[in-house]
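Asker:
2 protein chains.
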Amino acid sequence: MPNCFNFREFTTLCPLDHDTIIARLAAKHFSTSNERRRVKAEQNLNVIITATFELAATIGFARMSMRDLHKASGLSLGGLYNYFDSKESLALMIADALHLVAFEWLPTLTDETMTHEQQLEHLIRGHIYLSETLRPWFYFVFMESKNLPEPNKASARSVELRFQSLIATLLGEDNLHASHIMALMQDWHVKHWKYRSVNIDDFADSVVALSRHCLPG
Amino acid sequence: MPNCFNFREFTTLCPLDHDTIIARLAAKHFSTSNERRRVKAEQNLNVIITATFELAATIGFARMSMRDLHKASGLSLGGLYNYFDSKESLALMIADALHLVAFEWLPTLTDETMTHEQQLEHLIRGHIYLSETLRPWFYFVFMESKNLPEPNKASARSVELRFQSLIATLLGEDNLHASHIMALMQDWHVKHWKYRSVNIDDFADSVVALSRHCLPG
DNA sequence: GTTTATTGAACGAACGTTCATACTATTTTC
DNA sequence: GAAAATAGTATGAACGTTCGTTCAATAAAC
Chain A
1 MPNCFNFREF TTLCPLDHDT IIARLAAKHF STSNERRRVK AEQNLNVIIT
51 ATFELAATIG FARMSMRDLH KASGLSLGGL YNYFDSKESL ALMIADALHL
101 VAFEWLPTLT DETMTHEQQL EHLIRGHIYL SETLRPWFYF VFMESKNLPE
151 PNKASARSVE LRFQSLIATL LGEDNLHASH IMALMQDWHV KHWKYRSVNI
201 DDFADSVVAL SRHCLPG
Chain B
1 MPNCFNFREF TTLCPLDHDT IIARLAAKHF STSNERRRVK AEQNLNVIIT
51 ATFELAATIG FARMSMRDLH KASGLSLGGL YNYFDSKESL ALMIADALHL
101 VAFEWLPTLT DETMTHEQQL EHLIRGHIYL SETLRPWFYF VFMESKNLPE
151 PNKASARSVE LRFQSLIATL LGEDNLHASH IMALMQDWHV KHWKYRSVNI
201 DDFADSVVAL SRHCLPG
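Residue numbers (this note's numbering), protein chains in the order written: chain A, 1 to 217; chain B, 1 to 217.
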């Protein structure tokens, strides 16, 4: 694992975390105005989204009722609707926020001065470490995207395919191997119950090592 | 790919397919009695489960209403309840049937006379090919298990871990690499929209080749 | 004629959403 | 600086709909 970042180093170089995304969402939907109000809006948005993640992970987003969310967040039933237009739009807001923020930033981890092997390692570690920092977001989007309305489902797939193409290019346009690497990386958040006792750097090392066998030549 | 089965050969040697599982379910819930009735019960169970797979794949099982299922299956609203006790028990029936039938049979593909490398290949191809034959079952269980009641969720995880242990043993108790191989195999049904134009034997070849790098020594 | 299976209207509960009302800061008026 | 006016936010009872499920009535099978 020489000359590449580990998880600890990643957290210092990555500008994205849960609070950052919440702040951007709050800024987008509750434009400037008063400072005290902005802080309050951020707090409320935070508890709403955090509670949504917990409920969706245990009983599923579709089974989660607004009354569940009201009880879990502490906000009143009607008050929730100051932060989204409908239950469905809440899911869309979360999915859009992750896609915009995460998958625009990840490709900036590489540049053309690096070897393909180095770029591959940066993308893999970047993806795994970011999916740990934003694990509830990644898990929610993975699980709930499949029954979003068609345009949003298509957009989620296109985001995934775009990242996969990035990897495929490094492998000499080998999309099958690129799919394999995607599956390996995503397993960290999709099946996280398996990895409770696994160190994330060990996991990333292992995926990177396997991915080297996918390089051409 | 010498001395191991491909998908075509697999379909001739595997005793399990969609109709087999339906027949077992029908036999279990509609004991002997009349022959004509048994056939009718099998047909109805078939359309119910097939319609459930389609609806769950598009809008999700939780969003699927009994009226949706009634329209899609052609059975009356009340008539559905001759085949299960509640909506939830329908999901449980499907999950239990797959677990019982598939994961008890898969381990019979190997025996101790084979090398570890051969056993590994048999298990991997067996899993991938079976998940193709029973793709709607595998996809449904993968997607819906996570929000089943706790005992059933735990049982689904234990079934998965049991199969993973089988692989880990072949790798010298390397559970991390065994997890990787599970993730690679499952990608075939979890992200099948990616593999529309991929030949299943090519896919299995690729996973087997990667898995060889996980063998010790 | 008796048994078995099917039907869909009807039920109560729970759903997402709304809105008149109450509250709490901030601004304006004197 | 106190009082009044204004604007922004929070509340939860109430609304119409849809949900999973039941069951008296009906049809089919033996």
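Each residue gets a CB set at the ideal place from its N, CA and C atoms; glycine is no exception. For clarity, every value in this text was computed on a predicted model and none was experimentally measured.
Give the residues of chain A in contact with residue 128 (chain B), contact being defined as C-beta atoms less than 8 Å apart.
Answerer: What you label residue 128 (chain B) is simply residue 128 of the second sequence in a count that begins at 1. Neighbours of residue 128 (chain B) on chain A: none; closest Cβ ~12 Å, over 8 Å.
Asker: Shortest alpha-carbon distance to residue 158 (chain A) belongs to which of A:103, A:199 and A:118?
Answerer: In the first sequence, the residue the question calls residue 158 (chain A) occupies position 158. Out of A:103, A:199 and A:118, A:103 has the C-alpha closest to the C-alpha of residue 158 (chain A).
Asker: Applying the criterion that 16 or more other CB atoms from any shown protein chain within 10 Å of the CB defines a buried residue, is residue 126 (chain A) buried or exposed?
Answerer: Within the first sequence, numbered from 1, the residue matching residue 126 (chain A) stands at position 126. Buried: at least 16 other Cβ atoms inside 10 Å.
Asker: Where does the unbroken alpha helix (DSSP H) through residue 50 (chain A) begin, and where does it stop?
Answerer: For the purposes of this step, residue 50 (chain A) is taken as the residue at position 50 of the first sequence. Its alpha helix (DSSP H) spans residues 35 to 58.
Asker: Under 7 Å Cβ to Cβ from residue 166 (chain A), same chain only, skipping five residues before and after it: list those, please.
Answerer: Indexing the first sequence from 1 puts residue 166 (chain A) at position 166. Cβ neighbours of residue 166 (chain A) beyond the five flanking positions: 107 and 123.
Asker: Runs of 3 residues minimum, wholly inside the stretch 157 to 193 of chain B: which ones carry the beta strand (DSSP E) assignment?
Answerer: Whole beta strand (DSSP E) segments, 3+ residues: zero.
Asker: When you compare only the Cα positions, how much space is there between residue 208 (chain B) and residue 24 (chain B)?
Answerer: As a first step, residue 208 (chain B) is located in the second sequence; it is residue number 208 there, counting from the start. As a first step, residue 24 (chain B) is located in the second sequence; it is residue number 24 there, counting from the start. Cα-Cα distance, rounded: 32 Å.
Asker: Give the secondary structure of residue 133 (chain A) by DSSP, where H, G and I count as helix, E and B as strand, and everything else as coil.
Answerer: Reading the first sequence from its first residue, position 133 is the one you call residue 133 (chain A). Correct three-state label for residue 133 (chain A): helix.
Asker: Would residue 136 (chain A) pass as an interface residue toward chain B - the criterion being a Cβ-Cβ separation below 8 Å?
Answerer: To locate residue 136 (chain A), count along the first sequence from 1; it is residue 136. False, the Cβ-Cβ gap to chain B never drops below 8 Å.
Asker: Are at least three pairs of beta-carbons, each pair with one atom in the stretch 136 to 155 of chain B and one in the stretch 92 to 99 of chain B, less than 8 Å apart?
Answerer: These segments touch.
Asker: Starting from residue 19 (chain B), trace the alpha helix (DSSP H) both ways and give me its first and last residue.
Answerer: For the purposes of this step, residue 19 (chain B) is identified with residue 19 of the second sequence, where counting begins at 1. Looking at the DSSP string, the run of the alpha helix (DSSP H) that includes residue 19 (chain B) is 18 to 29.
Asker: Here's the rule I'm using: 16 or more other beta-carbon atoms within 10 Å means buried, otherwise exposed. How should residue 17 (chain A) be labelled?
Answerer: In the first sequence, counting from the first residue as 1, residue 17 (chain A) sits at position 17. The residue in question, residue 17 (chain A), is exposed, as its Cβ has fewer than 16 Cβ neighbours within 10 Å.
Asker: Measure the Cβ-Cβ separation of residue 180 (chain B) and residue 206 (chain A) and say whether it is below 8 Å.
Answerer: For this step, residue 180 (chain B) is matched to residue 180 along the second sequence. For this step, residue 206 (chain A) is matched to residue 206 along the first sequence. In contact: residue 180 (chain B) and residue 206 (chain A) (Cβ atoms closer than 8 Å).
Asker: Output, in chain order, the set of chain B residues within a Cβ distance shorter than 7 Å of residue 47 (chain A).
Answerer: Stepping through the first sequence from its first residue, residue 47 (chain A) is reached at position 47. What residue 47 (chain A) touches in chain B: nothing, since even the nearest Cβ is about 22 Å away.
Asker: Do residue 184 (chain B) and residue 178 (chain B) come within 8 Å of each other at the CB atom, strictly closer than that value?
Answerer: Within the second sequence, numbered from 1, the residue matching residue 178 (chain B) stands at position 178. Within the second sequence, numbered from 1, the residue matching residue 184 (chain B) stands at position 184. The answer is no: Cβ separation not under 8 Å.
Asker: Alpha helix (DSSP H) containing residue 88 (chain A): first to last residue?
Answerer: Start at 1 with the first residue of the first sequence, and residue 88 (chain A) comes out as number 88. Note, residue 88 (chain A): alpha helix (DSSP H), 87 to 105.
Asker: Given a threshold of 16 other Cβ atoms within 10 Å of its Cβ, counted over all protein chains shown, does residue 194 (chain B) qualify as buried or as exposed?
Answerer: Here residue 194 (chain B) corresponds to residue number 194 of the second sequence, with the count starting at 1. So residue 194 (chain B) counts as buried.
Asker: Relative to the alpha-carbon of residue 190 (chain B), which residue among B:136, B:212 and B:173 has its alpha-carbon at the smallest distance?
Answerer: The count along the second sequence starts at 1 and reaches residue 190 (chain B) at position 190. Checking every option, the nearest Cα to that of residue 190 (chain B) belongs to B:136.
Asker: Can you tell me where the alpha helix (DSSP H) with residue 196 (chain A) in it begins and where it stops?
Answerer: Residue numbering aside, residue 196 (chain A) sits at position 196 when the first sequence is read from its first letter. First-last for residue 196 (chain A): undefined, no H or E at that position.
Asker: For residue 71 (chain A), which residues in chain B fall below 7 Å Cβ to Cβ?
Answerer: As a first step, residue 71 (chain A) must be located in the first sequence, where it is residue number 71. The premise fails here: residue 71 (chain A) is roughly 18 Å from chain B at the closest Cβ pair, so nothing lies under 7 Å.
Asker: Return the first residue and the last residue of the alpha helix (DSSP H) that residue 65 (chain B) is part of.
Answerer: Within the second sequence, the letter at position 65 stands for residue 65 (chain B). Note, residue 65 (chain B): premise wrong, no alpha helix (DSSP H); not H, not E.
Asker: I'd like to know if residue 105 (chain B) contacts chain A, where contact means its C-beta is closer than 8 Å to some C-beta of that chain.
Answerer: Numbered from 1 along the second sequence, position 105 holds the residue referred to as residue 105 (chain B). Chain A, which has no Cβ nearer than 8 Å to the Cβ of residue 105 (chain B), makes this no.
Asker: Identify each residue in the stretch 57 to 89 of chain A for which the Cβ-Cβ distance to at least one residue of chain B is less than 9 Å, and report them in chain order.
Answerer: Residues passing the 9 Å Cβ filter: 57, 58, 59, 60, 61, 62 and 63.
Asker: On the premise that residue 214 (chain A) lies in contact with residue 174 (chain A), defined as a C-beta separation below 8 Å, what is that separation, rounded to the nearest angstrom?
Answerer: For the purposes of this step, residue 174 (chain A) is identified with residue 174 of the first sequence, where counting begins at 1. For the purposes of this step, residue 214 (chain A) is identified with residue 214 of the first sequence, where counting begins at 1. Confirmed, about 7 Å.
Asker: My guess is that residue 41 (chain B) and residue 57 (chain B) are in contact by the Cβ rule of under 8 Å, so how many angstroms apart are they, rounded?
Answerer: Position 41 of the second sequence, counted from the first residue, corresponds to residue 41 (chain B). Position 57 of the second sequence, counted from the first residue, corresponds to residue 57 (chain B). The pair is not a contact, with the Cβ atoms about 25 Å apart (cut-off 8 Å).
Asker: Report yes if the C-beta distance between residue 11 (chain B) and residue 133 (chain B) is below 8 Å; otherwise report no.
Answerer: The residue you call residue 11 (chain B) lines up with position 11 of the second sequence. The residue you call residue 133 (chain B) lines up with position 133 of the second sequence. Going by C-beta atoms, residue 11 (chain B) is nearer than 8 Å to residue 133 (chain B).
Asker: Which one of A:119, A:116, A:117 and A:99 has the shortest CA to CA distance from residue 142 (chain A)?
Answerer: Position 142 of the first sequence, counted from the start, is the residue given in the question as residue 142 (chain A). Of A:119, A:116, A:117 and A:99, the residue nearest in Cα terms is A:99.
Asker: Go ahead and pull the three-state DSSP assignment for residue 84 (chain A).
Answerer: Stepping through the first sequence from its first residue, residue 84 (chain A) is reached at position 84. Here residue 84 (chain A) sits in coil by DSSP.
Asker: Which residues mark the beginning and the end of the alpha helix (DSSP H) in which residue 202 (chain A) is found?
Answerer: Along the first sequence, one-based indexing puts residue 202 (chain A) at 202. First-last of the alpha helix (DSSP H) with residue 202 (chain A): 200 to 212.
Asker: Could you give the C-beta distance for residue 72 (chain A) and residue 55 (chain A), rounded to a whole number, given that I count them as a contact under 8 Å?
Answerer: Counting from 1 along the first sequence, the entry for residue 72 (chain A) is found at position 72. Counting from 1 along the first sequence, the entry for residue 55 (chain A) is found at position 55. Right, the Cβ-Cβ distance comes to about 6 Å (below 8 Å), so this counts as a contact.
Asker: Does any CB atom of chain A fall closer than 8 Å to the CB of residue 196 (chain B)?
Answerer: Working through the second sequence from its first residue, we reach residue 196 (chain B) at position 196. By this cut-off, residue 196 (chain B) is not an interface position.
Asker: Among residues of its own chain, excluding the 5 on either side of residue 53 (chain B), which ones have a beta-carbon nearer than 8 Å to its beta-carbon?
Answerer: The count along the second sequence starts at 1 and reaches residue 53 (chain B) at position 53. Excluding positions up to five away in sequence, the list reads 136, 137, 139 and 140.
Asker: Between the Cα of residue 182 (chain B) and the Cα atoms of B:197, B:198 and B:163, which residue gives the shortest distance?
Answerer: The residue you call residue 182 (chain B) lines up with position 182 of the second sequence. Nearest C-alpha to residue 182 (chain B): B:163.
Asker: Around the Cβ of residue 60 (chain A), are there at least 16 other Cβ atoms within 10 angstroms (buried) or fewer (exposed)?
Answerer: Translated into the one-based positions of the first sequence, residue 60 (chain A) becomes position 60. Buried: at least 16 other Cβ atoms inside 10 Å.
Asker: Which same chain residues, not among the five before or five after residue 48 (chain A), have their C-beta less than 6 Å away from its C-beta?
Answerer: Position 48 of the first sequence, counting from 1, holds the residue named residue 48 (chain A). Here the set comprises 73 and 83.
Asker: Output, in sequence order along the chain, the residues in the stretch 130 to 161 of chain A whose CB is closer than 9 Å to any CB in chain B.
Answerer: Here the close residues are 143, 144, 146, 147, 157, 160 and 161.
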